[in-house]
Amino acid sequence: MKYLGSFLKTLIFMVIIFVGVADAGPTKIEDRAEYSASLNSIASVVMTWYGSLINSTKNTSESNSQPVIFNTHPIAGHWEQYRAHYPKNINQIIITNTQLLKQDNDYYFTVYSNISFMLKNKAHTDSFKELFVFSDSILKQPINLSYPIKSILLEARQEKSTPNRTGYKQKHYKVREFAYAWLSHLEDINTLDSVMNAKAWINKAPYLLEIGADKSQDSVSNILKKRKTLLAKGGHLLRSLSVKNTDSSDTFILELILEWKGENAEATPVIAKIKQTLKIHIKADKSWEVINIKEKHLLPMIAPWMGLLC
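1 is the number of the first residue of the sequence shown in the numbering used here; add one for each residue after it.
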């Protein structure tokens, strides 16, 4: 497939497990901004999709806490049609690689994954290659009012050995659904705010911002306004994500390491390595609540990012 968009003039190949990104992304500020906004928005919806596949099997391994709920609205009435591409009784999905292309007004997101499932009481794993086609409405219209997934095409499937890695279940995707929606919000894309239930906490949850000796604490909305003067134009890429949920409750502590490249409000180039710690909770109605956010700017890495971070 030949890429015809205005940004990413050559094939962008990224190695992602949605906890880290190996590719540095585009270098021009305008390209970087669109690239990061589209990647983070698409990633959140893809997390919703794969999480909903596991959830649909009525997996009970996480029954000691509230059921994990995914909103499949972005794919609307086509859910059952595309669900038929997959085996039944899925218990784990591991995303291994991805590719992102843009052509005209559509984004083409190829996902390579290993899907584990039970068949006749035996464990099986098949590798999948799928092509998600997204419309650019994902950057323009609220996710609960539009249908950004235009199609999902199964391009390849083959049997393989069952992986030793475990833990890629419902909550793995639920927290990443939130994390990528949050990164999209940082890029001034508000189409995924309903995924985060942002209206409920954005004006009251405390946000501590630490840059060198300067520390500021206020509501999320107010700190983001101040932050925008420092990181005015550019984009965030996720470099690592860790989750603490040791008591198996529905409260999580997310630790994100982000790379930001762009410029400040005075058009001065800025490179930032950012550590964010978010304490979040799944409420009784299955919506998200942010309890607090802490952000600290670290010294940026001089050497290029190599390989997966986790």
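For every residue, glycine included, the Cβ atom is placed at its ideal position computed from N, Cα and C.
Cα-Cα, which of L224, M196, N190 is closest to I69? As a position in the sequence shown, residue 69 is number 69, starting the count at 1. Of the listed residues, the one whose Cα sits closest to I69 is M196.
Tell me the residue span of the alpha helix (DSSP H) that contains S184. For the purposes of this step, residue 184 is taken as the residue at position 184 of the sequence shown. First-last of the alpha helix (DSSP H) with S184: 170-186.
Report the CB separation of I149 from F128 in whole angstroms; it is logged as a contact under 8 Å. As a first step, residue 149 must be located in the sequence shown, where it is residue number 149. As a first step, residue 128 must be located in the sequence shown, where it is residue number 128. Between I149 and F128, the beta carbon gap of about 16 Å keeps them out of contact (Cβ cut-off 8 Å).
Which residues in the same chain have their Cβ closer than 6 Å to the Cβ of D126, if we skip the five residues on either side of it in sequence? The residue you call residue 126 lines up with position 126 of the sequence shown. If the five residues before and after D126 are omitted, its C-beta is found closer than 6 Å to the C-beta atoms of I115, R157, E159, all from its own chain and listed in chain order.
Do you know whose CA, among Q81, L209, I138, Y35, lies nearest L154's CA? Position 154 of the sequence shown holds residue 154. The candidate whose alpha carbon is nearest that of L154 is Q81.
Using only the alpha-carbon positions, how far apart do A267 and D214 sit? Numbered from its first residue, the sequence shown carries residue 267 at position 267. Numbered from its first residue, the sequence shown carries residue 214 at position 214. Answer to the nearest angstrom: the Cα atoms are 21 Å apart.
Where does L298 land, buried or exposed, given buried means 16+ other C-beta within 10 angstroms? The residue you call residue 298 lines up with position 298 of the sequence shown. Sixteen is the threshold: since fewer than 16 other Cβ atoms of the shown chains lie within 10 Å of the Cβ of L298, the residue is exposed.
By Cβ distance below 6 Å, which residues in the same chain neighbour H85 in space, the five residues on each side in sequence not counted? To locate residue 85, count along the sequence shown from 1; it is residue 85. Taken in chain order, the residues that qualify are L154.
Nearest-angstrom Cα separation, counted from A37 out to F7: On the sequence shown, position 7 is the one that residue 7 refers to. On the sequence shown, position 37 is the one that residue 37 refers to. Its pLDDT being 37, under 50, F7 is placed unreliably in this model, and the coordinates cannot settle the point.
Per DSSP, the bridge partner or partners of G235: Here residue 235 is taken as the residue at index 235 of the sequence shown, counted from 1. In the DSSP output, where bridge partners are listed per residue, G235 has K261.
Out of L254, A272, S184, T110, state which residue places its alpha-carbon closest to the alpha-carbon of W260. Your numbering for residue 260 matches position 260 in the sequence shown. Looking only at L254, A272, S184, T110, the smallest Cα-Cα distance to W260 is reached by A272.
Do you know how far the Cα of F117 is from the Cα of L145? To locate residue 145, count along the sequence shown from 1; it is residue 145. To locate residue 117, count along the sequence shown from 1; it is residue 117. Roughly 33 Å between the two C-alpha positions.
Quick one, which of L224, G212, H185 has its alpha-carbon nearest A33's? Here residue 33 refers to the residue found at position 33 of the sequence shown. Ranking L224, G212, H185 by CA distance to the CA of A33 puts H185 first.
Touching by the beta-carbon criterion (3+ pairs, under 8 Å), the region 85-104 and the region 162-169: Below 8 Å, enough C-beta pairs join the region 85-104 and the region 162-169 to call them touching: three or more.
Whole angstroms is fine: what's the gap from K296's alpha carbon to L209's? Residue mapping note: residue 296 aligns to position 296 of the sequence shown, counting from 1. Residue mapping note: residue 209 aligns to position 209 of the sequence shown, counting from 1. Rounded to whole angstroms, K296 to L209 spans 6 Å at the Cα level.
At the level of alpha carbons, what is the spacing between P163 and L119? Within the sequence shown, numbered from 1, the residue matching residue 163 stands at position 163. Within the sequence shown, numbered from 1, the residue matching residue 119 stands at position 119. Roughly 16 Å between the two C-alpha positions.
Pairwise C-alpha distance: E289 and A205: Counting from one through the sequence shown, the residue named residue 205 turns up at place 205. Counting from one through the sequence shown, the residue named residue 289 turns up at place 289. So the alpha carbons of these two residues sit roughly 9 Å apart.
Going by Cα to Cα distance, which pick from K244, D188, I42, N203 is closest to I222? The sequence position of residue 222 within the sequence shown is 222, counting from 1. In the sequence as presented, Ile is not what sits at residue 222; that position holds Asn. For the options K244, D188, I42, N203, the alpha carbon positioned closest to that of N222 is the one of N203.
Report the rounded CA-to-CA distance for D188 versus L139, giving the unit in angstroms. In the sequence shown, the residue the question calls residue 188 occupies position 188. In the sequence shown, the residue the question calls residue 139 occupies position 139. Spanning the two alpha carbons is a distance of roughly 10 Å.
What is the rounded straight-line gap between the Cα of A284 and the Cα of D250? Taking the sequence shown and counting its residues from 1, one reaches residue 284 at position 284. Taking the sequence shown and counting its residues from 1, one reaches residue 250 at position 250. C-alpha separation (whole angstroms): 9 Å.
In its own chain, which residues sit with a C-beta less than 7 Å from the C-beta of L39, not counting the 5 before and 5 after it? Within the sequence shown, the letter at position 39 stands for residue 39. If we look at L39 and ignore the five residues flanking it on each side, its Cβ neighbours are L100.
Would you please state the rounded distance, in angstroms, between the beta carbons of L131 and I90? I believe it to be under 8 Å. As a working mapping, residue 131 is identified with position 131 in the sequence shown. As a working mapping, residue 90 is identified with position 90 in the sequence shown. That belief does not hold up - the Cβ atoms of L131 and I90 are roughly 19 Å apart, past 8 Å.
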